[in-house]
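Working notes, structure below.
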Amino acid sequence: MAKILNWMSVEKKVRDSEIVLFTPVDLKRILGVSKISVQFFLTRYTKKGAITKLRRGLYALSDRIPSEFEIANALLRPSYISLTFALAYYHIIPEMTYVVTSVTTRPTYRFEILDREFRYHRIKKPAFTGYAPEKIGGKIVLIAEKEKALVDYLYFVGRKVYPVNTRLDISSLNKEKMHHYAELFHSANLEHMIKELYA
122 MAKILNWMSV EKKVRDSEIV LFTPVDLKRI LGVSKISVQF FLTRYTKKGA ITKLRRGLYA
182 LSDRIPSEFE IANALLRPSY ISLTFALAYY HIIPEMTYVV TSVTTRPTYR FEILDREFRY
242 HRIKKPAFTG YAPEKIGGKI VLIAEKEKAL VDYLYFVGRK VYPVNTRLDI SSLNKEKMHH
302 YAELFHSANL EHMIKELYA
């Protein structure tokens, strides 16, 4: 028989664990109860609005929704934030962007969550680098370095996935680092676009 879990007890244990995003497996481990008990609990309190389901198997306390940076890292793994969202964060493009963009080695995918779109674009494994953990809003997230964010973006511009942004501010970027990252894509078109930026 499934154990009935008390909300206040579970909430305290989740908060004490400092896990912001959690899976049924996380709850099972934290609470030391059966999979069925966890499933009943999640179904009940998601319906009550106390827990928010971000996607299948990924949840958060409704009064402690993590940042879009944290959500982006957790929705699809492996991935790191890049492309237009990272470029806006670094002020390389002047516009803010509604879509939270990341790259992954898995198939291209998109999620619509909490009135935000999270979009993932596939790149080959040799090019899946140039990112690092960075503290944003007090949390550690994976985001592309400035140069890699732009190289990733230009790669997809070349593939007609994104339009060319003519207002790029490249004054803070390292040209040699950009060429290094571009070589990982083995794309003559990408190399040409970077040369044009500095022409």
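Note that the working numbering has the sequence shown beginning at 122, numbered continuously upward.
Positions of the beta carbon are idealized from the N, C-alpha and C atoms, including for glycine.
Extract the residue ranges of the beta strand (DSSP E) inside the segment 168-234, only unbroken runs of 3 or more that lie entirely within it. 172-176, 179-182, 200-202, 220-225, 230-234
CA-to-CA distance, L152 to D137, given in whole angstroms: 12 Å
Output the boundary residues of the beta strand (DSSP E) element that contains V262. 260-265
Beta-carbon proximity list for A303, same chain, < 7 Å, skipping 5 on both sides: V272, L311, E312, I315
Whole angstroms is fine: what's the gap from T218's alpha carbon to K124's? 45 Å
A253 - partner residues in DSSP beta bridges: The partner list for A253 (beta bridge, DSSP) reads I264.
Distance, Cα to Cα, E268 vs H212? 12 Å
At a threshold of 7 Å, does E189 count as lining the ligand GDP (C-beta to nearest heavy atom)? Judged by which ligands are present, the structure shown has none, so any question about the ligand GDP falls away.
Where H242 falls, given that 16 or more other Cβ within 10 Å makes a residue buried: buried
What distance in whole Å lies between the Cβ atoms of V224 and T205, which are believed to be in contact at a cut-off of 8 Å? Incorrect: roughly 12 Å between the Cβ atoms, too far for contact.
Identify, in the order they occur along the chain, each residue of the same chain with its Cβ nearer than 6 Å to the Cβ of A270, setting aside the five sequence neighbours on each side. S203, A207, L208
Buried or exposed: R231, going by 16 or more other Cβ atoms within 10 Å of its Cβ? exposed
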